[in-house]
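First comes the structure, then the notes that go with it.
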Amino acid sequence: MTIKFNKISTKIKVIGALLILLVVGVIGTTIYLTQQNIKDALVINIAGKQRMLTQEISKSIFYIQYSGVYDFKEADKATTEFIYGLSTLKNGDKEKGISAVSTSEISAQLQYVEKLWDSFYTDIKEYKQLVYLEIKQEQRISEIIESIHINNSILLENVDKLVTMYTDHSEGKINFIRTFQYLAGIMLFLIFIYSIIQLKTIESNADAFMQYSKMLADNEDISNLTPIEIQAESESEIVEVSDTINCFINKINSAVEYSNEALLQSQKASSKLEELTDEFDSILGELKDKSLACKHLDNSEDMVIASTEELMNSTKKLANLKKELDELLKNCQVLK
Numbered sequence: 001m002t003i004k005f006n007k008i009s010t011k012i013k014v015i016g017a018l019l020i021l022l023v024v025g026v027i028g029t030t031i032y033l034t035q036q037n038i039k040d041a042l043v044i045n046i047a048g049k050q051r052m053l054t055q056e057i058s059k060s061i062f063y064i065q066y067s068g069v070y071d072f073k074e075a076d077k078a079t080t081e082f083i084y085g086l087s088t089l090k091n092g093d094k095e096k097g098i099s100a101v102s103t104s105e106i107s108a109q110l111q112y113v114e115k116l117w118d119s120f121y122t123d124i125k126e127y128k129q130l131v132y133l134e135i136k137q138e139q140r141i142s143e144i145i146e147s148i149h150i151n152n153s154i155l156l157e158n159v160d161k162l163v164t165m166y167t168d169h170s171e172g173k174i175n176f177i178r179t180f181q182y183l184a185g186i187m188l189f190l191i192f193i194y195s196i197i198q199l200k201t202i203e204s205n206a207d208a209f210m211q212y213s214k215m216l217a218d219n220e221d222i223s224n225l226t227p228i229e230i231q232a233e234s235e236s237e238i239v240e241v242s243d244t245i246n247c248f249i250n251k252i253n254s255a256v257e258y259s260n261e262a263l264l265q266s267q268k269a270s271s272k273l274e275e276l277t278d279e280f281d282s283i284l285g286e287l288k289d290k291s292l293a294c295k296h297l298d299n300s301e302d303m304v305i306a307s308t309e310e311l312m313n314s315t316k317k318l319a320n321l322k323k324e325l326d327e328l329l330k331n332c333q334v335l336k
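Final position of the sequence shown in full-length UniProt numbering is 336; the numbers increase by one with none missing.
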């Protein structure tokens, strides 16, 4: 099935479909990415909290070491939260609507942070074991404290990097929304311009058609009607209507021309017969003494007269035909 793009209905449907698709696309994309940004904000918050937890763990260990009070509640609580947060960032959380890692760069950084955490957590567990021994291994404890201090700085730096990567990823989505909205706005403007151009074209063709219709209604001379001229690339509905009117006008012009020619020929024939009648009258005057010849000539004259009357009747009928055609055209103009 071939679609005609020069039809008024097709143009309206195409413009409407483009507008609907574009508006639905903008709304759907904006809603989806907005929801994603909300989840990204939650992920960034978790990643930022990981940074705070590493500092809290290190601070608690240092306090225990220099105070001599072996209370690991705060350190254990921070450690549990850090492990849960790291698992959430890596594997996601269906209850909170958090998806797993979305990019390979973030995944690689998470793996590196997890590796650093394993080393950091190993030192903490070993420290907890050493401080409860009856015989203190001061040298080893000092080494572990130093290792915790160094690893905490490295871990903190890489967690910061992870937070930055999550932030950049979220901002990338925001920039995508902004760019998409700009492009959608430009497309809407172009569709608006295209709609105005098409409407102007349709209006111009319709005005030309209406002006021609008024000309037909006001034109009293129907002897030679001029067909309407519509551009070939005009809307198919207007072209079809103009072709129908032009066909009707051409038929009327042909009928009027034919009736005029027939009327002219009948008038010429009548004139010729009148001349013949006059000639017969003169001949009858010369042969009035010859009774037999007169009789035949009278019969011939009667035949000529009868033929003349028939031609005159034909002329009247043709004149009536032309009158009827004129009335038909006027009635068509009144109906329009």
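In this text, a Cβ means the ideal position worked out from N, Cα and C, and glycines have one as well.
Predicted model, so just to flag it, every value in this text is computed and none were measured.
Same chain, Cβ closer than 7 Å to residue i, neighbours up to 5 away in sequence not counted
i	result
Gly48	Val163
Arg51	Leu156, Val159, Asp160, Val163
Cross-strand partners of residue i (DSSP beta bridge)
i	result
Asp93	Ile98
Close Cβ partners of residue i (< 8 Å) along its chain, the five nearest in sequence each way excluded
i	result
Leu155	Thr54, Val113, Leu116, Trp117, Phe120
Gln211	none
Thr2	Model confidence at Thr2 stands at a pLDDT of 46, short of 50, so the residue's coordinates are unreliable; what they give is reported in the following sentence. So no residue of the chain qualifies.
Tyr66	none
Contacting residues, own chain, Cβ-Cβ under 6 Å from residue i (five flanking each side not counted)
i	result
Ile15	Ser195
residue 341	For the chain, the structure presents residues 1 to 336; residue 341 sits outside this window and is missing.
Leu292	Low local confidence applies: a pLDDT of 49 at Leu292 is under 50, so the model's placement there is unreliable, with the coordinate-based value given in what follows. Nothing meets the Cβ criterion.
Gly92	Ile98, Ser99, Ala100
Cβ-Cβ distance between residue i and residue j below 8 Å
i	j	result
Gly97	Ile46	no
Leu18	Ala184	no
Thr79	Ile57	yes
Leu110	Lys94	no
Asp71	Ile64	yes
Leu33	Phe176	yes
Asp123	Ile144	yes
Does the stretch 16-34 come close enough to the stretch 186-195 to have 3 or more Cβ pairs within less than 8 Å? yes
At least three beta-carbon pairs within less than 8 Å, the stretch 74-83 to the stretch 192-207: no
Which residue spans inside the UniProt domain "NarX-like N-terminal" (32-124) form an unbroken alpha helix (DSSP H) run of at least 4? 73-91
Does the contact criterion of 3 or more C-beta pairs under 8 Å hold for the stretch 123-130 versus the stretch 144-154? yes
Are at least three pairs of beta-carbons, each pair with one atom in the stretch 95-106 and one in the stretch 164-182, less than 8 Å apart? yes
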